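Student:
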Ligand SMILES: [Ca+2]
Ligand SMILES: [Ca+2]
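Protein chains in written order, with the working numbering: chain A, 1 to 324; chain B, 1001 to 1324.
1) So does the stretch 252-267 of chain A actually touch the stretch 231-242 of chain A, counting three or more Cβ pairs closer than 8 Å?
2) Return no unless some Cβ of chain B is closer than 8 Å to the Cβ of residue 205 of chain A.
3) If the cut-off is 8 Å on Cβ atoms, which residues from the stretch 249-267 of chain A count as contacting chain B, listed in chain order?
4) Reducing DSSP to helix, strand and coil, say where residue 1314 of chain B ends up.
5) Name the residues in the stretch 1232-1245 of chain B whose C-beta lies less than 7 Å from a C-beta of chain A; which are they?
6) Just to confirm my understanding: we take residue 31 of chain A, look at its own chain, exclude 5 residues before and 5 after, and list those with CB closer than 8 Å. What are they?
7) Taking the DSSP output, what are the residues bridged to residue 1227 of chain B?
8) Grab the span of the alpha helix (DSSP H) containing residue 1113 of chain B for me, first residue to last.
9) For residue 199 of chain A, which residues in chain B fall below 8 Å Cβ to Cβ?
10) How is residue 307 of chain A classed by DSSP in three states: helix, strand or coil?
11) Let me see if you follow: with CB-CB separation under 8 Å, is residue 53 of chain A close to chain B or not?
12) Could you please give the first and the last residue of the uninterrupted beta strand (DSSP E) stretch that includes residue 1221 of chain B?
13) With 8 Å as the threshold, decide whether the Cβ of residue 1210 of chain B is near any Cβ in chain A.
14) Is there at least one Cβ from chain B nearer than 8 Å to residue 304 of chain A's Cβ?
15) Which of the three DSSP states is assigned to residue 1173 of chain B in this structure?
16) Can you list the residues of chain B that residue 225 of chain A reaches, using a CB-CB cut of under 8 Å?
17) Do residue 1144 of chain B and residue 1080 of chain B have their C-beta atoms closer together than 8 Å?
18) Taking just the CA atoms, how far does residue 1087 of chain B sit from residue 195 of chain A?
19) As a quick exercise: from A/270, A/77, A/153, A/177, pick the residue whose alpha carbon is nearest that of residue 120 of chain A.
20) DSSP three-state call for residue 179 of chain A: helix, strand or coil?
21) Under the assumption that residue 1295 of chain B contacts residue 1252 of chain B (Cβ atoms under 8 Å), give the Cβ distance between them as a whole number of angstroms.
22) Check the Cβ-Cβ distances between residue 219 of chain A and every residue of chain B, and say whether any is below 8 Å.
23) Would you say residue 232 of chain A touches ligand 1, meaning its beta carbon is less than 7 Å from a heavy atom?
24) Does the Cβ-Cβ distance between residue 1068 of chain B and residue 1292 of chain B come in under 8 Å?
25) For chain B, check one thing: does any of its Cβ atoms lie closer than 8 Å to the Cβ of residue 296 of chain A?
26) What does a CB cutoff of less than 8 Å around residue 1198 of chain B pick up in its chain, not counting 5 residues either side in sequence?
27) Using CA atoms only, rank isn't needed, just tell me which of B/1148, B/1157, B/1036 is closest to residue 1322 of chain B.
28) Using a 10 Å radius around the Cβ and a threshold of 16 neighbouring Cβ atoms, would you call residue 1070 of chain B buried or exposed?
29) Please name the residue, chosen from B/1131, B/1269, B/1098, B/1126, that lies closest to residue 1115 of chain B on a Cα-to-Cα basis.
30) Can you give me the start and stop residues for the alpha helix (DSSP H) that residue 1298 of chain B sits inside?
31) Just checking: is the beta-carbon of residue 175 of chain A within a distance shorter than 8 Å of some beta-carbon in chain B?
32) Check this for me: beta carbons of residue 108 of chain A and residue 100 of chain A, under 8 Å apart or not?
33) Under 7 Å from any heavy atom of ligand 2, does the C-beta of residue 89 of chain A make it?
34) Go to residue 1233 of chain B, then tell me how far its beta strand (DSSP E) extends in each direction, as first and last residue.
35) Between the alpha carbons of residue 1007 of chain B and residue 45 of chain A, how many angstroms are there, rounded?
36) Taking the alpha-carbon positions, what's the residue 301 of chain A to residue 37 of chain A distance?
Listed below in structure tokens is the structure:
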């Protein structure tokens, strides 16, 4: 019996590696380095072998796993939600900022800076249960369309990154999202879009309260931001939530610098990946001067730190999951 | 080939269920109800079947998975560490509270209340990297012994609960610790003692900072408590970290009431378990009047809410993992 089982294993093993796990990545140094890294850490005979429990890969979301132009998609959701709430009850627009937001006047919000942003977030993201909030995100994803591509927002995920996440999981990694985006917002689509379950999504969060007033315990989103999952907040959040240092980190902006720095400074094999938005034809081209996804430190220091700088225009055969 | 494999499966399947997965639990209603619950949620033909991804079980630690008398073990660690630090550098004992703590004068700390506790925690738990802190916990566990039992503290885990955790995992559950104890403290022993990996340990935490001053990125424990994982904090922390409501929760004090309430109020099959400390012979007997592990609401309301109240003296054949 054992001999028969062994024979099966020997026959089947070669088949498993035949298909390219990253078909949307063109032949490139980026792809070669990623595959070489994964091969090394998963080969028990390689000195760089890493046990599965430590195969943790973390990825930023906006600009890394899905697009982020012309504005973070979550801000579009916030404004759309404000407009919808105001249609039913115009009195909620208690300030010129909120009135502008409900009309989709991005320029006004941008000029209002952090204070305006918090005002819009509070009015659109708090005072309701997590369940109600997430139902409103689901509905928005079903109906809203991106102004330039006409795609549902959750189909503007990057097909090469979706493949990378799947490939890593197939090789025994656990894949996490660690993003400046809202925790409760991202959890709505992360499992369907990326195969990342809710407990592997880390993000910025509002406070919550536990209420039993009506006899049913409910968790309610409170106003204000309790934790910003950006810059140093990323390694801090990972350490607090996982208690492990990842061996692979991917991002696209200087908000990811500390996460990649901490990841790749660990002992043993490590990989940092930066997505460089170079494709003005198929997506957007932006880096050092962009108000969204600004990338300066990563371009200046990343190559010397051994990070893979992915050139979207050169390295990717395909961009969005939702368009062939 | 397939027929041979199938024959093996049929031959071997019956063997798997023969051994009692909970040998340290005596015959009791508590054990019967726990096993019946697990059987139901893992049987695809049962209307109460729950898919593995939603089989989340959460457990308090102090008084639920290990003992907590005469004081929380982490407080003993804090005082022992202060004494050790002061032996090398007496000037760190900058107040009568800290002097008393380094001498192990529990009464003084107790009388100083929350403020004294924070002072002791700050002096013993902050200003060092997470790695250094955890190394000091490892060393303490190797050397310190409980004053009454003479056991290492991490052998004063409850054998019946260690078996329950393993049983649940064998049945496709993921087991989490959600405790008022310190996150960084518990992660040192949770994997060896309970089989719970660091990313499945939730607890109270100090703030941390990300420092790169010496060129090496390090996460440093800051003074003060950033989040108290007790009472309403428990469901809040679970929702924030997991994004799922557990189907099973275990605790021993009113600090666990909200966690059990939220867990068992969910749709579908749910189980709440309270460990009632009734065994003055083999452990300690305490509940309504105890300053540590006070249990009033759980005893008053738990039975009507369908929670299993475990009678330690009656239901457990054996108490500590470290003593037969
Ligand atoms: Ca980004
Ligand atoms: Ca407890």
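We put the CB at the ideal spot given by N, CA and C, even for glycine. As the structure is a computational prediction, the values presented were derived from the model and not from experiment.
Tutor: Reading off the structure:
1) yes
2) yes
3) 258, 261, 262, 265
4) helix
5) Those would be 1232, 1235, 1236, 1239, 1240, 1241, 1242, 1243, 1244, in chain order.
6) For residue 31 of chain A, the CB contacts under 8 Å within the same chain, skipping 5 residues up- and downstream, are 22, 25, 315 in chain order.
7) B/1205
8) Note, residue 1113 of chain B: alpha helix (DSSP H), 1106-1125.
9) For residue 199 of chain A, the chain B residues whose C-beta falls within less than 8 Å of its own C-beta are 1241, 1242, 1243, 1244, listed in chain order.
10) The answer is coil: DSSP assigns residue 307 of chain A none of H, G, I, E or B.
11) yes
12) Taken as a continuous stretch (DSSP letters only), the beta strand (DSSP E) holding residue 1221 of chain B covers 1218-1221.
13) yes
14) no
15) coil
16) Within chain B, no residue comes near residue 225 of chain A; the closest Cβ sits about 13 Å away, beyond 8 Å.
17) yes
18) 53 Å
19) A/77
20) strand
21) 7 Å
22) yes
23) no
24) yes
25) no
26) 1187, 1190, 1191
27) When each option's Cα is compared against that of residue 1322 of chain B, the closest is B/1157.
28) exposed
29) In this structure, B/1098 is the residue among B/1131, B/1269, B/1098, B/1126 with its C-alpha nearest to the C-alpha of residue 1115 of chain B.
30) 1297-1301
31) no
32) yes
33) For residue 89 of chain A, the shortest separation between its Cβ and any heavy atom of ligand 2 does not lie below 7 Å.
34) That residue, residue 1233 of chain B, is in no beta strand (DSSP E); its alpha helix (DSSP H) goes 1233-1242.
35) Reliability fails at residue 1007 of chain B, whose pLDDT of 43 lies under 50, so the model's placement of it is uncertain and the value that follows must be treated cautiously. Each residue's Cα considered, the two are about 34 Å apart.
36) 20 Å
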